[in-house]
Amino acid sequence: MAFDANQFFSQSAPPFGRGPLVVIAGPCVLESDEINRQICETIRDACLQSGLSFVFKASFDKANRSSVKSSRGPGLERGCEMLAILKSAFGVVVTTDIHEPGQAARVAQAVDILQIPAFLARQTDLLAAAAATGRAVNIKKGQFMAPSEMGGAIEKLRASGASQIMLTERGTFFGYHRLVNDFAGVGEMLTMGVPVCFDVSHSTQRPGEGSTSGGNPEHAPLLARAAVAAGVDAIFIECHPNPASSQSDRATIQPLDQMPALLQQLASIRRVVANR
Numbered sequence: 059m060a061f062d063a064n065q066f067f068s069q070s071a072p073p074f075g076r077g078p079l080v081v082i083a084g085p086c087v088l089e090s091d092e093i094n095r096q097i098c099e100t101i102r103d104a105c106l107q108s109g110l111s112f113v114f115k116a117s118f119d120k121a122n123r124s125s126v127k128s129s130r131g132p133g134l135e136r137g138c139e140m141l142a143i144l145k146s147a148f149g150v151v152v153t154t155d156i157h158e159p160g161q162a163a164r165v166a167q168a169v170d171i172l173q174i175p176a177f178l179a180r181q182t183d184l185l186a187a188a189a190a191t192g193r194a195v196n197i198k199k200g201q202f203m204a205p206s207e208m209g210g211a212i213e214k215l216r217a218s219g220a221s222q223i224m225l226t227e228r229g230t231f232f233g234y235h236r237l238v239n240d241f242a243g244v245g246e247m248l249t250m251g252v253p254v255c256f257d258v259s260h261s262t263q264r265p266g267e268g269s270t271s272g273g274n275p276e277h278a279p280l281l282a283r284a285a286v287a288a289g290v291d292a293i294f295i296e297c298h299p300n301p302a303s304s305q306s307d308r309a310t311i312q313p314l315d316q317m318p319a320l321l322q323q324l325a326s327i328r329r330v331v332a333n334r
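Numbered continuously in my numbering, the sequence shown closes out at residue 334.
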């Protein structure tokens, strides 16, 4: 199902959580052209078959890795070229993250939605630059922020001209030596008048385990099902044909061949939620 941004972000549309579920998926960082195309085509087709909307996501630069030795990706110019090619070749909506205000205008030429990383959720200049592009903005809730504090981020974006805004929950640093998911907090964010996304992949992280974060990727399907049942508008999930060889976040990324079955499950849950 095609992604209709105007309908998705419109507050005059049916209540959020009732329309087609949006699946934001792709590799963590842009990989080879062959792998990028394989992931994009597989998830696009699976979403079409399940009646879900698809947004392809991949990063051109992982600027917030734990180790200086971690792979960062192809960089701004090459990354934007790759994303624009995928958008055109497969007819999909595309998103990526930005880390500096100076990246916003260039990236907006290649993608449809600008993503603000969780660690940067309070950076006023970055939010203002993203809003000024006229693109939709997806801002991840900082692990250090209470759900109610995302109201300030929304205000910053709107004050700078943004009209299409989405919030993403990605887990909170608290207890158990891993990220903990607060579905009560998700419920609070669902009252803020903008669509809410649940980041399944990064919610399974175990931060601070050596030079890279660890993870429990086997929990991702459970969290995805729970989030859709809770009424979120979108799911963010990273996938790869061979997670062990992924250039980034290999501890949390999902096997590509398992994604179609999961998406069918999520579509079934969504139909129940939409009719409740």
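Note that CB positions come from ideal geometry on N, CA and C, so glycine has one too. Bear in mind the structure is a predicted one, so any value in this text is a computation, not a measurement.
Sequence ranges, beta strand (DSSP E) only - wholly within the region 175-251, length at least 3: You should have 194-198 and 223-227.
For Q263: DSSP bridge partner residues: Position 205 of the sequence shown holds residue 263. Note: Q263 sits in a beta bridge opposite G273.
Beta-carbon proximity list for G200, same chain, < 6 angstroms, skipping 5 on both sides: Position 142 of the sequence shown, counting from 1, holds the residue named residue 200. So the list reads A176 and A179, once near-sequence residues are dropped.
From C138, E296 and P132, residue whose alpha carbon lies closest to that of F112: As a working note, residue 112 is residue 54 in the sequence shown. The option with the nearest alpha carbon to F112 is E296.
Rounded straight-line distance, which links the Cα of L184 to that of R283: Sequence index remark: in the sequence shown, residue 283 carries index 225 (1-based). Sequence index remark: in the sequence shown, residue 184 carries index 126 (1-based). Cα to Cα, R283 sits roughly 32 angstroms from L184.
Straight-line gap, V254 to D91 (C-alpha atoms, nearest Å): Mapped onto the sequence shown, residue 254 falls at position 196. Mapped onto the sequence shown, residue 91 falls at position 33. One C-alpha to the other measures close to 30 angstroms.
Through-space distance from I197 to G219, alpha-carbon basis: For the purposes of this step, residue 219 is taken as residue 161 along the sequence shown, with counting starting at 1. For the purposes of this step, residue 197 is taken as residue 139 along the sequence shown, with counting starting at 1. The straight-line gap from Cα to Cα measures roughly 15 angstroms.
Assumed close pair G133, S117 - CB separation to whole angstroms, cut-off 8 angstroms: For the purposes of this step, residue 133 is taken as the residue at position 75 of the sequence shown. For the purposes of this step, residue 117 is taken as the residue at position 59 of the sequence shown. Contact doesn't hold; Cβ gap of about 11 angstroms is too wide.
Presumed contact (8 angstroms Cβ cut-off) between F256 and I223, rounded CB distance: Against the sequence shown, residue 256 aligns to sequence position 198. Against the sequence shown, residue 223 aligns to sequence position 165. Actually they are not in contact, since the Cβ atoms of F256 and I223 sit about 16 angstroms apart, beyond 8 angstroms.
Start and end residues, alpha helix (DSSP H) containing V150: Your numbering for residue 150 matches position 92 in the sequence shown. Here V150 belongs to no alpha helix (DSSP H), and DSSP marks it neither H nor E.
Beta-bridge partners of F112, as assigned by DSSP: The residue you call residue 112 lines up with position 54 of the sequence shown. Note: F112 sits in a beta bridge opposite V81.
Sheet register partners of S117 (DSSP bridge): Against the sequence shown, residue 117 aligns to sequence position 59. In the DSSP output, where bridge partners are listed per residue, S117 has V87.
First through last residue of the alpha helix (DSSP H) which encompasses F294: The residue given as residue 294 occupies position 236 in the sequence shown. Element bounds for F294: not the alpha helix (DSSP H) but the beta strand (DSSP E), A292 to H298.
Rounded straight-line distance, which links the Cα of M208 to that of S261: Numbered from its first residue, the sequence shown carries residue 261 at position 203. Numbered from its first residue, the sequence shown carries residue 208 at position 150. Each residue's alpha carbon lies about 18 angstroms from the other.
Under the three-state DSSP convention, the category D315 falls into: As a position in the sequence shown, residue 315 is number 257, starting the count at 1. It is helical.
D62 versus G77: straight-line alpha-carbon distance, rounded: Taking the sequence shown and counting its residues from 1, the one referred to as residue 62 is at position 4. Taking the sequence shown and counting its residues from 1, the one referred to as residue 77 is at position 19. The straight-line gap from Cα to Cα measures roughly 11 angstroms.
Nearest candidate by alpha-carbon position, reference L88, set D155, V331 and P313: As a first step, residue 88 is located in the sequence shown; it is residue number 30 there, counting from the start. Taking only the C-alpha atoms, the option nearest L88 is D155.
Environment of G307 [buried if 16+ CB atoms lie within 10 Å]: By 1-based counting over the sequence shown, the position of residue 307 is 249. Reading off the sequence, residue 307 comes out as Asp, not Gly. Result: buried.
Nearest residue (CA-CA) to G243, options V152, G289, C105 and M140: One-based indexing of the sequence shown puts residue 243 at position 185. The shortest Cα separation from G243 among V152, G289, C105 and M140 belongs to G289.
Cα-Cα separation, P159 to T182: The count along the sequence shown starts at 1 and reaches residue 159 at position 101. The count along the sequence shown starts at 1 and reaches residue 182 at position 124. Inter-residue distance for P159 and T182 is about 9 angstroms (C-alpha atoms, whole angstroms).
Anticipated Cβ contact below 8 angstroms, H277 with P85, distance rounded: Within the sequence shown, numbered from 1, the residue matching residue 277 stands at position 219. Within the sequence shown, numbered from 1, the residue matching residue 85 stands at position 27. Going by Cβ atoms, the distance from H277 to P85 rounds to 20 angstroms, so no, they are not a contact pair.
Own chain partners of T191 with C-beta closer than 7 angstroms, once the 5 adjacent residues on each side are dropped: Working through the sequence shown from its first residue, we reach residue 191 at position 133. Once the five neighbours on either side are set aside, the close Cβ partners of T191 are A162, A163, A166 and L172.
Coarse secondary structure for F66, derived from DSSP in three states: Taking the sequence shown and counting its residues from 1, one reaches residue 66 at position 8. In the structure shown, F66 sits in a helix (DSSP, three-state: H, G or I).
Straight-line gap, A121 to H157 (C-alpha atoms, nearest Å): Taking the sequence shown and counting its residues from 1, one reaches residue 121 at position 63. Taking the sequence shown and counting its residues from 1, one reaches residue 157 at position 99. Taking the straight line from one Cα to the other gives about 7 angstroms.
Inter-residue spacing [alpha-carbon to alpha-carbon] between C238 and E99: Here residue 238 refers to the residue found at position 180 when the sequence shown is read from its first residue. Here residue 99 refers to the residue found at position 41 when the sequence shown is read from its first residue. Residue 238 is actually Val in this sequence, not Cys. Within the model, the alpha-carbon separation for V238 versus E99 is close to 32 angstroms.
Cβ-based burial, D315 [other Cβ within 10 Å; buried from 16]: Here the question's residue 315 lines up with position 257 in the sequence shown. Exposed, since its Cβ has fewer than 16 Cβ neighbours within 10 Å.
Cβ neighbour criterion (16 or more within 10 Å) applied to G137: Within the sequence shown, numbered from 1, the residue matching residue 137 stands at position 79. By the neighbour-count rule (16 or more Cβ atoms within 10 Å), G137 is buried.
Under 8 angstroms between C-beta atoms of V286 and V331: The residue given as residue 286 occupies position 228 in the sequence shown. The residue given as residue 331 occupies position 273 in the sequence shown. It is a contact, given that the beta carbons lie within the stated cut-off.
Where D119 falls, given that 16 or more other Cβ within 10 Å makes a residue buried: Position 61 of the sequence shown holds residue 119. Buried, since its Cβ has 16 or more Cβ neighbours within 10 Å.
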